[in-house]
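Chemist: Add 125 to a position in the sequence shown, counting from 1, and you land on the number used in this note's numbering.
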Amino acid sequence: MSNKSPSYITKNRLGIFCFQYSYAINIDSTCFPSKNRKLFRKSLRTRDRGVALIAARYLWLVVERIRKKYFSNPKLYGQAMDLLSRYEAASLDGWEAVDHFLSKLDADDDRLLTLGIEQQKEDASSGNHESVKYEELLAHLQAQMKSKALGGEIDKESPIIGTLVAKWLEAKQRTLKPGSLESARSHIEVFCKALIELKGGECRVGEITPDLMRQFNDLLQGLPARRSSKQMVNMPFLELSRLDGLKISSKTYHYYVNTIIDFLNWLESQGYIENTRFKSILQSSKKSVPKKSSSNRVPFSNEDLSKIFISTEYLGGKFKRSSDYWVPLIALFTGARLGEICQLSISDIHEIDGVLCFDINENDKYKSIKSKQGSARTIPVHKVLIALDIKGYIDYLKKLNQIRLFPLERRTALNKFDAIQKRIANRFKTVGILSDQGSTRVFHSFRHTVRTQLVDQNIEERTIDSIVGHSSAERSIGSKVYTHSKLTKQKLVAINKLAYPLDFEKIKPWSSCLFKRVEAPLITLNNS
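Take a look at the structure:
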């Protein structure tokens, strides 16, 4: 027997045998044979020549049968073979790749491809091990074709995405706090507007395709970090995505994707869409865009703290807002987050077992905490804050019939205290608190400073977590345990061990600060 392989079998560079079949792509191929023919190639997944020969002969019979059974026109046959080859190649990369391939086909291509797979399945069912594979490929293709065939009718009747978004937001209103709801609204509005732009008009739920989702995902990742300038605010998303400059952060990208996935889950649960791979497209993209770590935030050095607190503003009492005076001080002696401090009510500062404490909670709809487990907590008031007369400040607010500790601080529509955050960031720059590539010094650095100090004082991990608001394996009983008298006393001892090499007696008392004269009329006006 000759060792020479027939023309329909060859090896790839890895020594694996492949089947190849030359077919005409044009009716005039007899005149120009070299220019009008193509190869259908398929790996036989073996280096054994004998096994490869058997499989190759079988495949040759299959493609010949397809040609004779379905195609008298060589051009159509060539197209079918080309489609089948590309379809099988896509299937090796998973269903997402198959969806992407199918989304590019028109109805005629669909029919040609179906004929090719039908014959492959028919021949495979006679004993070839790939029978199940062709069943799956054909079922997937037929589902796609059905969707396309019905598309014109369904799309005209299926709900507009904007209408469904309104219903989704209405449902969310029952479970989300106002700030979180507004954040979800802003994220989903970008999704809606982008789809309208990509479609060239209103987008209906039946018109969402995997390819459209990929286009949106690419557009989202290309958006600028800040789009609030006059030049950008009315600019189309496609133009924005092409601009040079800083793009949205990975953290922001994840917020958008999580919101959209939640919306898609709701659509599925309400029966507007079937279980699709739209979510998979976004989820797989999330994995390829990991959140950047914020671990480069570092504690403040003693020199940094001196610049902040032994400054002209603190020594001269020049603050125009009470929050600018108190918030950094409270953060330095509690490790609380900016939002947790700014949202405090006067009633949130009260005694527990004889110890004056800050009560971090979300007891009304306008408050929010980072997580249900760990963030709700009580923190004893440090002796330095007592010495600076925080009790007197609270009494002053009560006389003005105030409810909140910092009545002039307001959240933005996205649930952030942006105004004070920007003022404090600007102050840090003014006094020389600078960040470099390896270390970032921001308001959040107060948390790192407090935690580092407590660790250095050999405070046990459970107590530290109960102060700064981190989840801990040892804190599994729930938020009620935080007010237990023994733990409150432990936290008081720990808090009062926070000591910094600064003379806080030099700081101007709050009652002598500029804000007492400036804020009072504003607070009174705010009441009316």
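Glycine included, every Cβ here is placed at the ideal spot set by N, Cα and C.
Leaving out five residues on either side along the sequence, give the residues of the same chain with a beta carbon under 6 Å from the beta carbon of valine 606.
Modeler: Within the sequence shown, residue 606 is the residue found at index 481, counting from 1. Unreliable positioning characterises valine 606 in this predicted model, as indicated by a pLDDT of 41, which lies under 50. A coordinate reading is not provided.
Chemist: Evaluate contact between the region 350-358 and the region 317-332, counting only Cβ atoms and requiring at least three cross-stretch pairs below 8 Å.
Modeler: At 8 Å Cβ cutoff, the stretches do not touch.
Chemist: Give the list of continuous alpha helix (DSSP H) stretches no shorter than 4 residues that lie fully inside the region 485-536.
Modeler: Taking only runs of at least 4 residues, the alpha helix (DSSP H) segments lying wholly in the region 485-536 are 508-512, 515-524.
Chemist: Could you have a look at proline 453 and say whether DSSP puts it in helix, strand or coil?
Modeler: As a position in the sequence shown, residue 453 is number 328, starting the count at 1. Proline 453 falls in the helix class under three-state DSSP.
Chemist: What number of angstroms, rounded off, separates the C-alpha of histidine 573 from the C-alpha of aspartate 581?
Modeler: Numbered from its first residue, the sequence shown carries residue 573 at position 448. Numbered from its first residue, the sequence shown carries residue 581 at position 456. Cα to Cα, histidine 573 sits roughly 12 Å from aspartate 581.
Chemist: Using only the alpha-carbon positions, how far apart do lysine 611 and alanine 619 sit?
Modeler: To locate residue 611, count along the sequence shown from 1; it is residue 486. To locate residue 619, count along the sequence shown from 1; it is residue 494. Their backbone Cα atoms lie some 12 Å apart in a straight line.
Chemist: Let's see if you can read the secondary structure: which residues bound the beta strand (DSSP E) around glutamate 476?
Modeler: The sequence position of residue 476 within the sequence shown is 351, counting from 1. Looking at the DSSP string, the run of the beta strand (DSSP E) that includes glutamate 476 is 474-477.
Chemist: Can you give me the start and stop residues for the beta strand (DSSP E) that threonine 135 sits inside?
Modeler: The residue you call residue 135 lines up with position 10 of the sequence shown. Start and end: 134-136.
Chemist: I believe threonine 565 touches valine 423 by the beta-carbon criterion, under 8 Å. Please report the beta-carbon distance rounded to the nearest angstrom.
Modeler: Counted from its first residue, the sequence shown places residue 565 at position 440. Counted from its first residue, the sequence shown places residue 423 at position 298. At roughly 7 Å, the Cβ-Cβ gap stays under 8 Å, so threonine 565 and valine 423 are in contact.
Chemist: Looking at C-alpha atoms only, which residue of Ser436, Val480, Ala461 is the closest neighbour of serine 570?
Modeler: As a working note, residue 570 is residue 445 in the sequence shown. Closest by alpha carbon: Ala461.
Chemist: Within a Cβ cutoff of 8 Å, which residues of the same chain sit near isoleucine 592, ignoring the five residues on either side of it in sequence?
Modeler: If you number the sequence shown from 1, residue 592 lands on position 467. Around isoleucine 592: Thr459, Gly460, Arg502, Ile504, Val575, Leu579, Lys616, Ala619, Ile620.
Chemist: Tell me, which residues are paired with serine 285 by DSSP?
Modeler: As a working note, residue 285 is residue 160 in the sequence shown. One point to set straight first is that residue 285 is isoleucine, not serine, in the sequence displayed. Answer by DSSP bridge pairing, in chain order: Arg329.
Chemist: When the Cβ atoms of the region 404-411 are set against those of the region 529-538, are three or more pairs found closer than 8 Å?
Modeler: Because the criterion of three Cβ pairs below 8 Å is not met, the region 404-411 and the region 529-538 do not touch.
Chemist: For arginine 576, name the three-state secondary structure that DSSP assigns.
Modeler: For the purposes of this step, residue 576 is taken as the residue at position 451 of the sequence shown. Residue state, collapsed to three classes: helix.
Chemist: Determine, using beta-carbon pairs with one atom in the region 511-524 and one in the region 619-635, whether at least three such pairs fall under 8 Å.
Modeler: These segments touch.
Chemist: Quick one: is isoleucine 545 buried, meaning 16 or more other Cβ sit within 10 Å of its Cβ, or exposed?
Modeler: The sequence position of residue 545 within the sequence shown is 420, counting from 1. So isoleucine 545 ends up on the buried side.
Chemist: Output needed for histidine 312: all residues of its chain with C-beta closer than 8 Å, excluding positions within five of it in sequence on either side, in chain order.
Modeler: Here the question's residue 312 lines up with position 187 in the sequence shown. Once the five neighbours on either side are set aside, the close Cβ partners of histidine 312 are Tyr380, Tyr381, Thr384, Ile385.
Chemist: Would you mind sorting serine 394 into buried or exposed? The rule is 16 or more other CB atoms within 10 Å of its CB.
Modeler: Here residue 394 corresponds to residue number 269 of the sequence shown, with the count starting at 1. Exposed, since its Cβ has fewer than 16 Cβ neighbours within 10 Å.
Chemist: Contact check, glutamine 468 vs lysine 492 under 8 Å by CB: the rounded distance?
Modeler: On the sequence shown, residue 468 is found 343 positions in, with the first residue counted as 1. On the sequence shown, residue 492 is found 367 positions in, with the first residue counted as 1. That pair is a contact at about 5 Å.
Chemist: Express the C-alpha separation of lysine 324 and phenylalanine 144 in angstroms, rounding to a whole number.
Modeler: Here residue 144 refers to the residue found at position 19 of the sequence shown. Here residue 324 refers to the residue found at position 199 of the sequence shown. Each residue's Cα considered, the two are about 42 Å apart.
Chemist: How would you label alanine 274, buried or exposed, when you count the other beta carbons within 10 angstroms and need 16 or more for buried?
Modeler: The sequence position of residue 274 within the sequence shown is 149, counting from 1. Only weak support is given to the placement of alanine 274: the predicted model assigns it a pLDDT of 45, under 50, and the question is left unresolved by the model.
Chemist: Can you check which of these residues, Asn427, Ser500, Trp451, is closest to glycine 594 by C-alpha distance?
Modeler: Here the question's residue 594 lines up with position 469 in the sequence shown. Comparing Cα-Cα distances from glycine 594 to each of Asn427, Ser500, Trp451, the minimum goes to Ser500.
Chemist: For lysine 297 and aspartate 449, I'd like the C-alpha separation in whole angstroms.
Modeler: Position 172 of the sequence shown, counted from the first residue, corresponds to residue 297. Position 324 of the sequence shown, counted from the first residue, corresponds to residue 449. Rounded to whole angstroms, lysine 297 to aspartate 449 spans 34 Å at the Cα level.
Chemist: For arginine 535, count the other beta carbons within 10 Å of its own beta carbon; 16 or more makes it buried, fewer makes it exposed. Which is it?
Modeler: Looking up residue 535 in the sequence shown gives position 410. Counting Cβ neighbours within 10 Å, arginine 535 comes out exposed, since fewer than 16 surround it.
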